[in-house]
Amino acid sequence: MNHAFVAALAEAGYTAESLAGQVGVHPKTAARWANPGHIPQARHRATVAELLGRDIDTLWPDASRRREPVWFRPWVNVEREAIALRAFELAWVPGLLQTEAYAEATLAGGILTTDTDELVEARLNRQAILQREQGPLLIAVLDAGVLRRRVGDSRALMAEQLAHLLACAESPRVQLHVVPLDAPSYPGLDGPFTIADMPDGSRWPTWTARRGRNYWSRHRTLLRWSDGGNSFVGRPSPVGAPWIS
């Protein structure tokens with residue numbers, strides 16, 4: 001148990017439920033913060049510490065420890081420096097736009113041996129770049145199957161995720177598009193990818209091949225597609241309410 005958090009919670013007169021209401025998270029999420037290794041997302045951490053009258057380092061000494069897999073860290077560094085990110089997803093909602101429950105469901109169902117909680121934490125922490133004043137522009141193109149595929153054990157989980165996508169689409173820094181189900185075959189069917197535009201004018205792509213291995217490098221084919229905007233998927237439709245019917 002995280003005794004420092006539990007003590008601060010009691011001294012400040014909060015319960016997990018009342019704290020969750022102040023922060024804007026689910027009560028179960030706030031309750032998990034009392035367990036070792038469970039740390040609020042970066043965008044909530046300072047708020048929680050302020051409400052409890054403690055320093056972040058006092059409540060979560062290992063908050064600064066990097067939780068993403070070592071092999072993925074170079075891309076996270078690129079993501080943090082990018083001025084624009086153009087992503088295509090064939091099967092999943094992009095990690096930068098996932099809810100906690102959706103992230104847990106996708107990661108828990110995988111074959112990775114790394115602790116799922118740490119992977120979820122790492123994924124959610126990446127989303128902080130979209131909250132920065134000078135954060136990147138995110139242009140996400142999703143195959144329609146992403147929105148129609150149920151993830152997890154309940155319809156409520158996917159409903160929450162779709163509502164979150166609609167909320168994200170209201171941000172001037174997020175553009176969402178959907179490739180219709182009746183679209184002809186297109187290069188994106190080979191696998192998802194993201195292209196990062198850097199401040200120095202360079203571009204860095206990452207993609208997942210059909211065999212599941214993740215690569216990242218300057219790849220001419222992806223960069224050629226990016227020069228044409230989103231033309232490689234025809235004319236994707238803006239995401240909106242009809243897609244969640």
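Mapping to the working numbering: the sequence shown position 84 is 84, numbers consecutive.
Beta carbons: idealized from backbone N, C-alpha and C, even for Gly.
Note that the structure is predicted; figures quoted are calculated from it, not measured.
Would DSSP call residue i helix, strand or coil?
i	result
V174	strand
I129	helix
C36	The sequence shown places Pro at residue 36, rather than the Cys named in the question. Coil at P36, not helix or strand.
T99	coil
W204	strand
I244	Only weak support is given to the placement of I244: the predicted model assigns it a pLDDT of 35, under 50, and the value that follows is read from those uncertain coordinates. I244 falls in the helix class under three-state DSSP.
T15	coil
V93	coil
R149	coil
L181	coil
Return the chain-ordered list of same chain residues with a C-beta closer than 6 Å to the C-beta of residue i, the five sequence neighbours on each side being excluded.
i	result
I83	P136, D197, P199
A103	V120, R123
V6	A34
W216	Summary for W216: the model assigns pLDDT 49, below 50, so the residue's position carries little reliability, and this model does not support an answer.
Just to confirm, are residue i and residue j a CB contact at a threshold of 8 Å?
i	j	result
P205	I195	yes
A140	L176	yes
T99	H164	yes
N77	P36	no
E118	P192	no
E79	R126	yes
A101	L157	yes
Assuming residue i is part of the alpha helix (DSSP H), what are its boundary residues?
i	result
E50	42 to 52
I56	56 to 59
V76	73 to 81
Looking only at its own chain, which residues have a Cβ that is under 8 Å from the Cβ of residue i, when we skip the five neighbours before and after it?
i	result
A128	Q41, A42, R43
I'd like the span of the beta strand (DSSP E) that includes residue i, first residue to last.
i	result
L166	Looking at the DSSP string, L166 is not in any beta strand (DSSP E); the run it does join, the alpha helix (DSSP H), is 155 to 169.
L137	137 to 143
D197	193 to 197
Measuring straight from C-alpha to C-alpha, what distance separates residue i and residue j?
i	j	result
P172	R54	34 Å
Y14	E50	13 Å
A10	L181	52 Å
E17	T116	24 Å
V146	L162	10 Å
Given residue i, which residues of its chain have a CB within under 7 Å of its CB, disregarding the five upstream and five downstream residues?
i	result
A12	L51, L52, G53
H26	A20
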